[in-house]
Structures are given as structure tokens and as C-alpha cells.
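Protein chains in written order, with UniProt numbering: chain R, 1 to 269; chain C, 1 to 269. I have placed the structure first, in the form of C-alpha cells, so that the comments after it can refer back to it.
Below, the structure is given as C-alpha cells:
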């Protein structure tokens with residue numbers, strides 16, 4: 001048990017967006033060792049077929065399991081939508097949490113909720129994954145979704161609070177003002193970067209913004225605590241990527257919210 | 001020779017953006033058979049290492065050569081920048097043209113040119129490929145480059161003439177107004193979709209817009225004519241992709257400017 005306590009948490013994403021999840025986990029669980037895998041050679045997953053996404057996700061799962069992780073966090077919405085069951089099966093006794101379930105649980109637990117808004121990539125929205133997940137908890141909740149394909153490139157360009165970002169968010173979010181949603185789930189790893197500007201765009205100041213990255217970090221903390229597996233002596237962060245793209249460090253540090261050392265490139269598949 | 005005349009032209013790109021090149025080639029050479037390969041499973045190349053891009057490009061080159069193409073057009077700027085020499089070597093006697101050389105030749109052939117502007121993806125701009133290519137013709141020409149990472153996603157979202165597109169183009173292009181450029185090369189396969197709006201953003205109405213897709217189509221026509229290899233009885237277009245992404249058809253038809261039938265998914269590597 002002592003060994004498992006000191007084992008790292010595995011987090012993975014199709015690329016570096018999932019570093020917003022790593023950031024939230026480090027903030028919530030500063031004494032845990034973390035292994036992050038970003039599949040930068042094959043990003044983005046959202047435009048790929050479900051079959052392809054599943055085979056990539058299983059390769060990464062095995063990579064993390066070989067490194068002895070005590071828990072796997074699926075930071076990628078596309079993987080959460082298409083491959084969660086396969087990963088749970090592959091992981092055996094190791095608990096697997098995913099951003100979609102975490103964000104959903106957070107939304108449905110808010111009081112007097114009957115209408116939830118969700119923004120995500122085209123792939124996440126088309127998969128209906130958030131609708132299905134929310135309706136599994138409460139089929140009476142109305143879900144209004146909006147795909148926001150421009151937000152990921154804006155986040156990567158660092159345009160997170162300029163006129164283009166504002167105008168883009170107005171295009172995507174203005175219809176929510178009349179819709180009566182009580183919460184808005186940020187259903188993409190990149191979107192936490194817009195968390196400060198979104199409330200300025202939404203006219204209805206009562207809409208609760210649900211950050212899936214924070215939600216899954218809280219779920220992980222609760223789960224590890226339940227299992228008696230909280231680490232008290234760790235705090236190391238290791239980052240593996242399948243390719244080292246241009247601007248990698250600049251982007252990674254923006255998403256992670258701190259400096260990043262010791263990135264290793266590994267080949268999968 | 002008759003056989004080679006009737007052989008198809010091979011065109012390839014990292015994804016579907018190169019269909020703007022296919023469109024220009026169909027317009028310029030309506031009687032040619034064309035085989036297009038879009039590496040949709042592994043797009044985008046621009047964020048990948050040069051080594052990875054080279055190995056992908058060679059796989060596609062061999063795919064096209066096996067199908068008996070009489071000419072290869074590299075529609076992808078990233079491949080043109082990193083793998084042109086390797087492809088020329090692999091292709092042997094089959095002529096290879098690339099978008100960077102074609103756009104460059106077009107720019108430097110304009111009268112009294114001493115300052116050229118280039119817009120492209122971050123990878124293309126960082127590679128300095130257009131600067132090198134222009135300076136190989138005339139080292140006295142000043143080249144001013146601008147990376148425009150948001151334009152590809154805007155083109156894919158279909159936001160090619162709305163307020164966000166205008167504002168984004170102002171961010172990227174306004175500095176060209178004072179720069180004294182005489183031409184602006186659209187150094188990315190997606191950018192021809194903004195060809196109508198860019199002159200509205202540029203205050204200097206004398207700046208010549210150079211569309212690399214049209215440039216390479218003209219180069220291909222000239223080359224085939226020189227070699228006596230113009231086809232007079234073809235006109236078939238076949239499209240191969242390595243994955244069938246979501247919205248594929250909608251996007252492909254927007255870029256190709258016509259309807260698209262008979263797309264085949266093939267696995268490389």
C-alpha cells in the first residue's frame with residue numbers, strides 16, 4: 001500500500017492542452033508525483049475517427065501503466081467521449097477518471113439546476129458526450145451545446161483577452177444569454193485560459209462557469225482520499241511527449257502556469 | 001510517351017488545404033487526371049519535427065509513384081520547406097514542383113520588385129523557406145514575413161469574411177501598410193480563401209496578391225507543355241485521405257470549389 005501511495009498519477013491528453021488539467025491537479029494535490037503524456041505527434045484527436053482515437057488512447061494507457069501509475073486521468077475530451085470504457089478495462093484495478101464525467105458531476109450537483117450549457121470542440125459537441133453524461137444523472141436537465149473551433153488556436157496564439165478573442169466569444173456565446181442556462185461547462189482542455197474573459201462576454205452574471213480541469217482535480221483528490229492513497233511526500237512533475245513541436249515550451253508553460261523542466265520525447269505505436 | 005501523357009498528376013498535402021492547389025490545377029488544366037493525397041490522419045505537419053515531416057512526405061511520394069504519376073506537386077508549404085530535396089531524389093525522372101518555389105518565381109518575376117511580403121503558418125515562417133527561395137533568385141530583395149496561425153482555423157470554420165476574420169487580418173496585416181511591400185505571397189494552402197477580403201484590409205491598393213496555388217498550377221502547365229506531356233483526354237479527379245475526419249466533405253468541397261465524389265481512405269506507414 002505504501003508503494004501505491006507513492007506511485008505517480010498519470011494524466012494524458014492528445015497534446016499540451018491537458019496541461020491545464022495537470023495545473024489544476026498540482027494546485028489541488030501539491031504532494032503528488034505526476035506523469036503527463038501529451039501525444040503531440042498525433043494531435044489533434046478531435047478530427048480523427050473514433051477507431052483511431054481508441055487505438056492511440058490505449059497505447060498511452062499502456063505507457064502509463066508500465067510506469068506504475070496509481071490512477072489515470074483522461075484530460076482529453078475526445079478520448080473521454082470515445083475510449084473511456086476501453087481504458088477502464090485496460091487499467092484493471094487502477095482507477096480511471098475523465099474530464100467529461102468530472103465536469104458533469106460538478107454541474108449536476110449545483111442546486112436547482114435544469115439547464116446546462118456546454119462549449120467544446122466540434123468533435124466533443126458532435127459526440128453528444130456531455131449530453132449523454134448529464135442525462136445519465138438527470139434526464140430532465142436541458143443541455144445546450146456550442147462548438148467553438150476557433151478557441152483552441154486563439155489559446156495557442158495567446159490571444160485570450162484581445163478584441164479577436166472577445167468578438168469570437170460573442171459569436172459563440174451570445175445565444176446563451178437568452179437561453180436560461182444556469183451553468184456553462186468549459187468542455188475543452190484549452191478553455192480554462194478564457195475563464196476570466198467569458199464572464200465579461202456573458203450578459204447574465206449568474207451563470208456558473210464550470211472548469212472541467214478543476215472538476216477532475218477535485219474528483220481525483222476525493223478518490224485518492226477514499227482509497228487511502230494520498231501521497232504526502234511527492235510533488236514531482238514529469239512530462240512526456242511524442243514529438244517536440246515548435247513553440248512547445250512557451251505553450252506548455254502558458255497552459256501549466258509554471259516553468260517546465262525535463263521534458264522527454266518518446267515514440268509510441 | 002503516350003502512356004506518360006495520359007498518366008495522372010499527383011498532388012499531396014498534409015491535409016485538405018492542398019485542395020486549393022487541386023482546384024487551381026483543375027482550372028488551369030481541365031483535361032488532366034489528378035490524384036490527390038491528403039494526410040488527414042497526421043495533419044497538421046507544421047507543428048511536427050522536420051524529421052517526422054520528411055518521413056511522412058516520402059511515404060506519400062512512394063504512394064503516388066506506385067500509381068504511375070507523371071508529375072508530383074507538393075501542395076504543402078511545410079513539406080516544400082523541409083523535404084523537397086528528398087522527394088526530388090525519390091521521384092527520379094518524374095518532375096517535382098512545390099508551392100514555395102512556384103510562389104517565389106511568380107513574385108520575383110514581377111517588374112521592379114524589391115520588397116516582398118509573405119504570410120504563412122508559424123512553421124513556414126520559422127523555416128525561412130520563402131526568404132531563402134526569394135534570395136536564391138535575388139539576394140537584394142527585402143522579405144517581410146508574418147505568421148498567421150489563426151487563419152487556418154478561420155478558413156476551416158468558414159469565417160472567411162466576417163468581423164472576426166477582418167479583425168484577425170488587421171492584426172496580422174496592418175504593419176504591411178507602412179512597410180512598402182509590392183507583393184504579398186499567400187504562403188499557406190488555406191489562404192486563397194481570404195483572397196477577396198485581404199485587399200479590403202490592406203490600405204495600399206497596389207500590393208499584388210500572389211496566390212501560391214495559382215502559381216504552382218501555372219508552373220505545372222508550363223512544365224508539362226515543355227515536356228510534351230499535356231493530356232487532352234483526361235479530367236478525372238481521385239482523392240485519397242489517410243483518415244476521414246468530421247466535416248470532411250463540407251470542408252473539402254469548400255476548398256476544392258466543386259463537389260467531390262469517390263474519396264478513398266488508405267493507410268500509410
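Where a beta carbon is used, it is the ideal one built from N, C-alpha and C, also for glycine.
| field | residue 258 of chain C versus residue 23 of chain C - alpha carbon distance | value | 8 Å
| task | Pull up the distance between the alpha-carbon of residue 271 of chain C and that of residue 230 of chain C, whole angstroms please. | result | The question about residue 271 of chain C has no answer, for chain C in this structure spans 1 to 269.
| task | Anything in the region 166–185 of chain C with a Cβ closer than 7 Å to a Cβ of chain R? List those residues in chain order, please. | result | 167, 168 and 171
| task | Could you name the residues of chain R that residue 157 of chain C contacts, counting a contact when the two beta carbons are closer than 7 Å? | result | 149 and 150
| Less than 9 Å separating the beta-carbons of residue 15 of chain C and residue 71 of chain C? | no
| field | Within the region 101–128 of chain R, ranges of the beta strand (DSSP E) (whole runs, at least 3 residues) | value | 115–120
| request: Determine the chain R residues that contact residue 52 of chain C at a beta-carbon separation under 7 Å, and present them in chain order. | output: 41 and 243
| said: Quick check: is the beta carbon of residue 79 of chain C nearer than 9 Å to any beta carbon in chain R? | reply: no
| If we cut at 9 Å on Cβ distances, does residue 119 of chain R have a partner in chain C? | no
| Taking Cβ to Cβ, would you say residue 58 of chain R is nearer than 9 Å to residue 90 of chain R? | yes
| Closer than 9 Å to chain C by CB, residue 111 of chain R | no
| task | Quick one: using the 10 Å Cβ neighbour count with 16 as the cut-off for buried, is residue 250 of chain C buried or exposed? | result | exposed
| request: Please classify residue 167 of chain C: does DSSP put it in a helix, a strand, or coil? | output: helix
| said: Does the CB of residue 132 of chain R have a neighbour CB from chain C at under 9 Å? | reply: no
| Can you find a CB in chain C that lies within less than 9 Å of the CB of residue 58 of chain R? | no
| query | Between residue 171 of chain R and residue 164 of chain C, which are expected to be in contact by the criterion C-beta below 8 Å, what is the C-beta distance as a whole number of angstroms? | reply | 6 Å
| query | By Cβ distance below 6 Å, which residues in the same chain neighbour residue 213 of chain R in space, the five residues on each side in sequence not counted? | reply | 20, 21, 24 and 192
| message | With three or more C-beta pairs closer than 8 Å as the rule, is the region 82–97 of chain R touching the region 109–121 of chain R? | response | no
| said: With a threshold of 9 Å between beta carbons, is residue 266 of chain C in contact with chain R? | reply: no
| request: Answer yes or no: does any C-beta atom of chain C fall closer than 9 Å to that of residue 196 of chain R? | output: no
| query | Three-state secondary structure (DSSP) at residue 157 of chain C? | reply | helix
| query | Do you know whose CA, among C:179, C:5, C:244 and C:152, lies nearest residue 17 of chain C's CA? | reply | C:152
| Proximal residues of chain R, C-beta to C-beta of residue 163 of chain C below 7 Å | 167
| Runs of alpha helix (DSSP H) wholly within the region 183–265 of chain R (minimum 4 residues, chain order) | 198–201, 212–226 and 248–256
| said: Quick check on residue 149 of chain R: buried or exposed, where buried means 16 or more other Cβ atoms within 10 Å of its Cβ? | reply: buried
| message | Using DSSP's beta-bridge definition, name the partner residues of residue 172 of chain R. | response | None, per the DSSP bridge assignment.
| task | Measuring only between beta-carbons, confirm whether residue 48 of chain R sits less than 9 Å from chain C. | result | yes
| Can a CB atom of chain R be found closer than 9 Å to the CB of residue 202 of chain C? | no
| request: Kindly indicate the opening and closing residues of the alpha helix (DSSP H) around residue 292 of chain R. | output: Given a span of 1 to 269 for chain R in the structure shown, any question on residue 292 of chain R remains unanswerable.
| field | Beta-ladder partner(s) of residue 137 of chain C, from DSSP | value | Its beta-bridge partners do not exist; DSSP assigns none.
| request: Would you mind listing the beta strand (DSSP E) stretches within the region 32–61 of chain C that are 3+ residues and don't spill past its ends, in chain order? | output: 34–38
| said: When you compare the region 41–54 of chain C with the region 128–139 of chain C, are there three or more beta-carbon pairs, one atom per stretch, that lie closer than 8 Å? | reply: no
| message | With a threshold of 9 Å between beta carbons, is residue 193 of chain C in contact with chain R? | response | no
| query | Can you tell which of C:255, C:36 and C:77 has the C-alpha that lies nearest to the C-alpha of residue 186 of chain C? | reply | C:77
| query | Does any CB atom of chain R fall closer than 9 Å to the CB of residue 30 of chain C? | reply | no
| query | Around the C-beta of residue 85 of chain R, are 16 or more other C-beta atoms found within 10 angstroms, so that it is buried, or is it exposed? | reply | exposed
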